[in-house]
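Accompanying notes for the structure given below.
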Amino acid sequence: MAVFSGSPLEIGDYFFRPGKVTAKVGETVTWNFSGSKPHSVTVANGPRGFSSVYWGQTSGSYSVTPKVKGTYKLVCLVHPTTMAETLVVK
198 MAVFSGSPLE IGDYFFRPGK VTAKVGETVT WNFSGSKPHS VTVANGPRGF
248 SSVYWGQTSG SYSVTPKVKG TYKLVCLVHP TTMAETLVVK
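Be aware that the sequence shown starts at 198, since it is given in the working numbering, and climbs by one per residue.
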C-alpha cells in the first residue's frame with residue numbers, strides 16, 4: 198500500500214493509480230484525470246461519502262480532505278466493475 202506523498206493520484210482509462218493508498222486525516226488528496234474515457238472518484242463504502250462529477254471527467258482534477266479515519270472503497274461510477282481504489286485514512 199502506497200503512502201500518500203502529496204503528489205496527485207492518477208485516474209486514466211480503466212485504472213486508479215495507485216490501487217491502494219494511505220493518507221492522514223486533514224490531508225488533501227487530489228486525483229488527476231487523463232485519458233479519453235470519462236471517470237469519477239466515488240465512495241462505494243466508507244465512513245463518509247464523497248464524489249466527483251457523476252458523469253465523469255476526462256481531464257482536470259478532484260480533491261477531497263478526509264476528516265474521518267477509516268477505509269474508503271472508491272470506484273468510478275462510469276466503470277464500477279473494472280475501476281476501484283482503496284483509500285485508508287489514519
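Yeah, the Cβ is synthetic: ideal placement off N, Cα and C, and Gly gets one too.
State the DSSP-derived secondary structure class of residue 259, mapped to helix, strand or coil.
The count along the sequence shown starts at 1 and reaches residue 259 at position 62. Residue 259 falls in the strand class under three-state DSSP.
Cβ pair residue 249, residue 265 closer than 8 Å
Position 52 of the sequence shown, counted from the start, is the residue given in the question as residue 249. Position 68 of the sequence shown, counted from the start, is the residue given in the question as residue 265. Not a contact, by the Cβ cut-off of 8 Å.
Within the same chain, show all residues whose beta-carbon is closer than 7 Å to that of residue 268, passing over the 5 residues directly before and after it, in chain order.
Against the sequence shown, residue 268 aligns to sequence position 71. So the qualifying residues of the chain are 243, 283, 285.
Selection from 203, 217, 257 that minimises the alpha carbon distance to residue 281
Residue 281 sits at position 84 when you count from the first residue of the sequence shown. Comparing Cα positions, the closest option is 217.
Given this structure, state the Cα-to-Cα distance separating residue 277 from residue 214, to the nearest angstrom.
For the purposes of this step, residue 277 is taken as residue 80 along the sequence shown, with counting starting at 1. For the purposes of this step, residue 214 is taken as residue 17 along the sequence shown, with counting starting at 1. If you take the alpha carbons of residue 277 and residue 214, they lie about 15 Å apart.
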